[in-house]
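The structure appears below as structure tokens.
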Amino acid sequence: MLAFLLRAVLIFMIDIPWLYFTSKIAGEMFRKIQGHKITMKLVPSIIVYLVLSYLATIPKSAMDAFLLGLTVYAVYDFTNLATLTHYTTQFAILDSLWGGVLFTLVFYAMKRFPQIKGL
826 MLAFLLRAVL IFMIDIPWLY FTSKIAGEMF RKIQGHKITM KLVPSIIVYL
876 VLSYLATIPK SAMDAFLLGL TVYAVYDFTN LATLTHYTTQ FAILDSLWGG
926 VLFTLVFYAM KRFPQIKGL
């Protein structure tokens with residue numbers, strides 16, 4: 826359980842710079858899509874990070890981690906691209922790649938805590 830929670834916190838902490846970096850671009854894009862600015866909902870956001878934490882237990886190598894993160898984010902991004910008028914190809918590609926980078930960084934970060942069971 827400790828490893829799961831640590832992984833969830835790591836995913837969130839590593840994700841913060843990406844969210845900040847893309848906030849202006851994503852904010853404008855979603856404003857065009859929904860007609861008003863993004864309002865984050867706490868409970869769904871927590872659920873997302875818990876699911877990502879579970880998925881991040883699967884990879885056994887850095888390449889597996891990258892490909893899983895890429896896949897998870899690509900499913901979200903390219904579904905949005907297929908269904909939302911103002912969702913951009915550039916954002917879908919960059920965010921999908923970020924998913925791969927995020928899962929890889931979490932994979933390596935978790936390797937630094939070998940004493941925690943479940944890693």
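Using the working numbering, read the sequence shown as starting at 826 and increasing by one per residue.
Beta carbons are placed, not taken as given, at the ideal position from N, Cα and C, and that holds for glycine.
These figures come from a predicted structure and were not determined experimentally.
| task | Determine the direct distance from the alpha carbon of L922 to that of N905, and round the result to whole angstroms. | result | 15 Å
| CA-CA distance, P939 and I883? | 16 Å
| request: Quick one: give me the first and last residue of the alpha helix (DSSP H) that L909 is part of. | output: Premise fails: L909 is in no alpha helix (DSSP H) and is neither H nor E.
| task | Kindly indicate which residue of R832, T896, Y874 has the alpha-carbon position closest to the one of A917. | result | When only C-alpha atoms are compared, the closest one is T896.
| Cβ neighbour criterion (16 or more within 10 Å) applied to Y879 | It counts as exposed.
| task | State the DSSP-derived secondary structure class of R832, mapped to helix, strand or coil. | result | helix
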